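Heads up, the thing below is written out as structure tokens.
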Amino acid sequence: MAAIAIEELTVNRGGAPVLKGLSLSVEAGAVTGLLGPSGSGKSTLMRAIVGVQIVAGGTVTVLGVPAGAPELRKRVGYVTQAPAVYLDLTVAENLRYFARVLGAPRSSVAEALAMVDLGGFENRLAGSLSGGQLSRVSLATALLGSPELLVLDEPTVGLDPVLRRDLWAAFAALAERGVTLLVSSHVMDEADHCDRLLLLRDGELVADDTPAGLRERTGQTDLDDAFLALVEVSA
Amino acid sequence: MNASVALATAERVLRQLRRDPRTLALVLLVPPLLLTLFRYVFDGSQLTFNRVGGPLVGIFPFTMMFVVTSIAMLRERTSGTLERLMTTPLGKLDLLLGYALAFAVVAVAQACIACGVAFSLLGLNVNGSIAVVIGLAVINAVLGMATGLFTSAFARSEFQAVQFLPAVVFPQILLCGLIAPRAHMTHVLYVASFVLPLTWAYDALAHAVAGTGDAKIVRDALILLGVIVAALSLGATTLRRRTG
Numbered sequence: 058m059a060a061i062a063i064e065e066l067t068v069n070r071g072g073a074p075v076l077k078g079l080s081l082s083v084e085a086g087a088v089t090g091l092l093g094p095s096g097s098g099k100s101t102l103m104r105a106i107v108g109v110q111i112v113a114g115g116t117v118t119v120l121g122v123p124a125g126a127p128e129l130r131k132r133v134g135y136v137t138q139a140p141a142v143y144l145d146l147t148v149a150e151n152l153r154y155f156a157r158v159l160g161a162p163r164s165s166v167a168e169a170l171a172m173v174d175l176g177g178f179e180n181r182l183a184g185s186l187s188g189g190q191l192s193r194v195s196l197a198t199a200l201l202g203s204p205e206l207l208v209l210d211e212p213t214v215g216l217d218p219v220l221r222r223d224l225w226a227a228f229a230a231l232a233e234r235g236v237t238l239l240v241s242s243h244v245m246d247e248a249d250h251c252d253r254l255l256l257l258r259d260g261e262l263v264a265d266d267t268p269a270g271l272r273e274r275t276g277q278t279d280l281d282d283a284f285l286a287l288v289e290v291s292a
Numbered sequence: 156m157n158a159s160v161a162l163a164t165a166e167r168v169l170r171q172l173r174r175d176p177r178t179l180a181l182v183l184l185v186p187p188l189l190l191t192l193f194r195y196v197f198d199g200s201q202l203t204f205n206r207v208g209g210p211l212v213g214i215f216p217f218t219m220m221f222v223v224t225s226i227a228m229l230r231e232r233t234s235g236t237l238e239r240l241m242t243t244p245l246g247k248l249d250l251l252l253g254y255a256l257a258f259a260v261v262a263v264a265q266a267c268i269a270c271g272v273a274f275s276l277l278g279l280n281v282n283g284s285i286a287v288v289i290g291l292a293v294i295n296a297v298l299g300m301a302t303g304l305f306t307s308a309f310a311r312s313e314f315q316a317v318q319f320l321p322a323v324v325f326p327q328i329l330l331c332g333l334i335a336p337r338a339h340m341t342h343v344l345y346v347a348s349f350v351l352p353l354t355w356a357y358d359a360l361a362h363a364v365a366g367t368g369d370a371k372i373v374r375d376a377l378i379l380l381g382v383i384v385a386a387l388s389l390g391a392t393t394l395r396r397r398t399g
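Residue numbers (the working numbering), protein chains in the order written: chain A, 58 to 292; chain B, 156 to 399.
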């Protein structure tokens, strides 16, 4: 069953088309990577899926209902590219606030912090954290309340290799529990962590495949090369 | 509407304020300091100080809360937290009521300190009830807050938000009757003054200071409460779940 079904999605921003009649679907209970160069429309697509983007045409269906429907606000967790965190609050205060807004139990705060490896940082002021720590606080807010779908816009940017590996392992564990994850990245070496890949270029889908399938199709062993091959063929 | 979410928001806003002691000190101490300044500017004329100082006790909170709230709301808009909140079950009114509640608490403290200094240390003398003046000061602070929340939607940057003070607040101070009696103004301005909220705020304060016209104070206060509800409702319409 598809967690996200998109048909003929068209989005214009600043008078220019960003997504041009995009159709795709995202499998439930799996980690799907949304990859593409910066400016390819990844964030806009994610915004359309969580229902904060004004769309010009097409349909976006999320967990069986139209994107942005009020009932989805508890079922979908969304992390923006820039951390959406109150810098003048501590880590715990940030999370406790979002937990109350989401109606999530207080215990979910500690769980979310453990998942992003920020246990022990509860009383640190968010403004005093590093960029990578801050984006993990932002990620933790989206994990509160056990959402069925997580839409994560570049959650691993600025993180060291160990943390990135741990986060991808956490994403895989979430998928195992039945959570659907859509994770964007512009770093191809993260693609191998995904069950399925969506490759976006200039607002159009150039590939929808598994990492293995992509290698086979392009005859490349390196996913970076595979992506370049696809982009050059379509260009 | 979800009271628990509104309360959580109010608590969060107050926590943020507490982390910024300098702003808090400015909000609480500038009005009494300005009143002190007025007291000694009008050193030779206690009567003038009584006539101007009384209403000012209520008008300073309006101005300060207007600025503080519009900047606070603008930050929420530009930091990405508003967009994030708009994807959660949080209702628009929950957010605005949370802000309103938090700043109302600050407004009460501010009005009480300003009134305390004016009446006990500066010898401000009013014929009417001091409690009524304090109550009106609180209403004005909430009015400033509600207006600030609404106008912040039209600012893209903090530079712009600050300019709304001279643009939105100064004309009201000029036309409300504090500087010159409204009846002496040119007809167009006299008519215009009727639709400006601060006119009614001043009218109520002037009556409270003079100790006349309780019925008019009640009428003015009801008008102000109506404007507060209208500004908060308009503010809610400027919070969009979907943006371009």
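Quick reminder that beta carbons are idealized off the backbone N, C-alpha and C, glycines included. Note that the structure is predicted; figures quoted are calculated from it, not measured.
Residues that residue i contacts on chain A, provided the C-beta gap is smaller than 7 Å
i, result
"Ala310 (chain B)", "What Ala310 (chain B) touches in chain A: nothing, since even the nearest Cβ is about 20 Å away."
"Ser159 (chain B)", "Arg157"
"Ala163 (chain B)", "Tyr154, Arg157, Val158"
Residue i (DSSP reduced to helix, strand or coil)
i, result
"Ser200 (chain B)", "coil"
"Pro218 (chain A)", "helix"
"Asp358 (chain B)", "helix"
"Thr233 (chain B)", "helix"
"Asn205 (chain B)", "helix"
"Asp330 (chain A)", "Residue 330 (chain A) is absent from the model: chain A starts at 58 and stops at 292."
"Ser388 (chain B)", "helix"
"Arg258 (chain A)", "strand"
"Thr164 (chain B)", "helix"
"Leu192 (chain B)", "helix"
"Val263 (chain A)", "strand"
"Ser159 (chain B)", "helix"
"Arg253 (chain A)", "strand"
"Glu64 (chain A)", "strand"
"Ala57 (chain A)", "No answer is possible for residue 57 (chain A): it lies beyond the span of chain A, which begins at 58 and ends at 292."
"Val223 (chain B)", "helix"
"Leu380 (chain B)", "helix"
Near the ligand SAM: residue i beta-carbon under 7 Å from a heavy atom
i, result
"Gly390 (chain B)", "Of the ligands one can find in the structure shown there are none, so the ligand SAM has no counterpart to examine."
Residues that residue i contacts on chain B, provided the C-beta gap is smaller than 9 Å
i, result
"Leu146 (chain A)", "Arg167, Arg170, Gln171, Arg174"
"Glu211 (chain A)", "Correct list: empty, because the minimum Cβ distance to chain B is about 13 Å."
"Gly160 (chain A)", "Asn157, Ser159, Val160, Pro244"
Beta-carbon neighbours of residue i, restricted to chain B and to distances below 8 Å
i, result
"Ile111 (chain A)", "Arg397, Thr398, Gly399"
"Glu150 (chain A)", "Arg167, Arg170"
Buried versus exposed, by CB contacts within 10 Å (16 or more), residue i
i, result
"Gln318 (chain B)", "exposed"
"Tyr195 (chain B)", "exposed"
"Val343 (chain B)", "exposed"
"Met219 (chain B)", "buried"
"Arg274 (chain A)", "exposed"
"Pro140 (chain A)", "buried"
"His362 (chain B)", "buried"
"Thr89 (chain A)", "buried"
Residues that residue i contacts on chain A, provided the C-beta gap is smaller than 8 Å
i, result
"Met241 (chain B)", "Val109"
Beta-carbon neighbours of residue i, restricted to chain B and to distances below 7 Å
i, result
"Glu168 (chain A)", "Within 7 Å Cβ-Cβ: nothing; Glu168 (chain A) doesn't reach chain B, min ~18 Å."
| request: Please list the segments of the alpha helix (DSSP H) lying wholly inside the region 249-277 of chain B, counting only runs of 4 or more residues, in order along the chain. | output: none
Q.
Threshold first: 4 residues or longer. Then list the alpha helix (DSSP H) segments lying entirely within the region 164-199 of chain A, N to C.
A. 164-172
- Along the chain, which unbroken stretches of the alpha helix (DSSP H) at least 4 residues long are found entirely within the region 71-154 of chain A? 99-107
- request: Output, in sequence order along the chain, the residues in the region 111-131 of chain A whose CB is closer than 7 Å to any CB in chain B.
  value: Ile111, Gly125, Arg130, Lys131
Below 7 Å between beta carbons is the criterion; list the residues of the region 65-96 of chain A that meet it against any residue of chain B, in chain order.
Arg70
query: Going along the chain, which unbroken runs of the beta strand (DSSP E) with 3 or more residues stay wholly within the region 289-370 of chain B?
result: none
* Asked: What are the residues of the region 134-145 of chain A that lie near chain B, defined by any Cβ-Cβ distance shorter than 9 Å?
  -> Gly134, Tyr135, Val136, Thr137, Gln138, Ala139, Pro140, Ala141, Val142, Tyr143, Leu144, Asp145
Exercise for review: Report the residues of the region 225-241 of chain B with a CB closer than 8 Å to any CB of chain A, ordered along the chain.
Suggested key: Ser234, Gly235, Thr236, Glu238, Arg239, Leu240, Met241
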